[in-house]
Amino acid sequence: MELYKYSDRIYYSAYEEERDRPAIGYIRGDKFSVAVDAGHSEDHLNEFYEALKKEGLPLPQFTVITHWHWDHSFAMHCINGFSVANRKTNEYLKDFIAARSEENDRMFLKSDPSVEKEYAGGKEIIVVPADIVFEGSLNIDCGGVTVVAFEAVSPHTSDATLIHIPEEKVLFIGDSTSGEWPTWIADPVPLRQLMDVIEGIDAAHIIGGHWPIDSKEELLNRLSEEL
Ligand SMILES: [Zn+2]
Numbered sequence: 054m055e056l057y058k059y060s061d062r063i064y065y066s067a068y069e070e071e072r073d074r075p076a077i078g079y080i081r082g083d084k085f086s087v088a089v090d091a092g093h094s095e096d097h098l099n100e101f102y103e104a105l106k107k108e109g110l111p112l113p114q115f116t117v118i119t120h121w122h123w124d125h126s127f128a129m130h131c132i133n134g135f136s137v138a139n140r141k142t143n144e145y146l147k148d149f150i151a152a153r154s155e156e157n158d159r160m161f162l163k164s165d166p167s168v169e170k171e172y173a174g175g176k177e178i179i180v181v182p183a184d185i186v187f188e189g190s191l192n193i194d195c196g197g198v199t200v201v202a203f204e205a206v207s208p209h210t211s212d213a214t215l216i217h218i219p220e221e222k223v224l225f226i227g228d229s230t231s232g233e234w235p236t237w238i239a240d241p242v243p244l245r246q247l248m249d250v251i252e253g254i255d256a257a258h259i260i261g262g263h264w265p266i267d268s269k270e271e272l273l274n275r276l277s278e279e280l
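For the sequence shown, the working numbering assigns the number 54 to the initial residue and increments by one for each residue that follows.
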């Protein structure tokens, strides 16, 4: 797996369309490091951890989840350290766990070819709730760099968390600017509200889940065209 270096403090992995694997973010602090999203499965996460080790980077002590969707959260059971999610994300995960049955697991695997590919060979689906739950916003002082996680309105899901690294002027947004799965058509009202939020953030670059890094201006211009 390719690991991209944005700065001495910020890294992010390549995303992959075939197995719907989003980019996983990484913030390196002097005291400890933080990851953005856990990934689609244990295999996905392990590839990310191997890429970190190759770079000599410590494994993250905390993993902040951008939203509950399987491709971002279903590797939470095997992360190093602790997972962090907003209350709504955690409720969605708990609802998924409560609804699990052989039939529902089968339906989940059949929901998209990318899921089937990720879980090929009878790989077990393991879903767990978060270790740390927040509401509103959460500041994590990693030593020399701060992770600010905050809830935001989104046309993708109702549980979006954005992750701002003020010192590095980077914002991780998960899939929040996309429409709803599986059509990806975004409701313009929450999209406009989210664009206003992003506009107000002091960030030079925006890292999303399933597309290349953008400057803030590029992202906002592209979204304006979609409206
Ligand atoms: Zn998603």
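Where is the CB? At the ideal position from N, CA and C, for every residue including glycine.
| Check | Outcome |
| --- | --- |
| Those residues which DSSP pairs with THR214 across a bridge | GLU204 |
| C-beta contact flag for GLU221 and ARG81 at 8 Å | no |
| Local Cβ density within 10 Å of VAL242, reported as buried at 16 or more and exposed below that | exposed |
| Three-way DSSP call (helix, strand, coil) for THR142 in this model | helix |
| Pairwise C-alpha distance: ALA202 and ASP194 | 11 Å |
| Proximity of ALA88 and THR116 at Cβ, strictly below 8 Å | yes |
| Residues near CYS131 by beta carbon distance below 7 Å, same chain, minus five either side | GLU95 and LEU98 |
| Distance between beta carbons of VAL168 and TRP123, contact taken as under 8 Å | 7 Å |
| ALA91 beta carbon less than 8 Å from that of SER164 | no |
| Sequence-distant residues of the same chain with beta carbon closer than 6 Å to TYR65, five excluded per side | TYR57, ALA76, GLY78 and ILE260 |
| Other residues of its chain near GLY227: CB distance less than 6 Å, five sequence neighbours each side excluded | THR119, HIS120 and GLY262 |
| Span of the beta strand (DSSP E) around TYR57 | 56-58 |
| THR230, buried or exposed, once every other Cβ within 10 Å from all chains shown has been counted against 16 | buried |
| Minimum C-alpha distance to ILE238 - residue among LEU162, SER207, PRO219 and ILE218 | SER207 |
| Start-to-end residues for the alpha helix (DSSP H) that takes in ARG275 | 269-279 |
| C-alpha gap between GLU71 and ASP83, whole angstroms | 35 Å |
| Residue range of the beta strand (DSSP E) that includes PHE115 | 115-117 |
| Proximity below 8 Å, CB of GLU280 to CB of ARG245 | According to the sequence provided, residue 280 is Leu. The question's Glu does not apply to it. In contact: LEU280 and ARG245 (Cβ atoms closer than 8 Å). |
| PHE161, enclosing beta strand (DSSP E) - first and last residue | No beta strand (DSSP E) contains PHE161, which is instead part of the alpha helix (DSSP H) from 155-163. |
| Extent of the continuous beta strand (DSSP E) run through ILE185 | 185-187 |
| Local conformation of ASN133 per DSSP, three classes | coil |
| Residue environment, THR214, which counts as buried when at least 16 other CB atoms sit within 10 Å | buried |
| From MET129, LEU247, ASN133 and VAL223, residue whose alpha carbon lies closest to that of LYS147 | MET129 |
| Beta-carbon proximity list for MET160, same chain, < 8 Å, skipping 5 on both sides | none |
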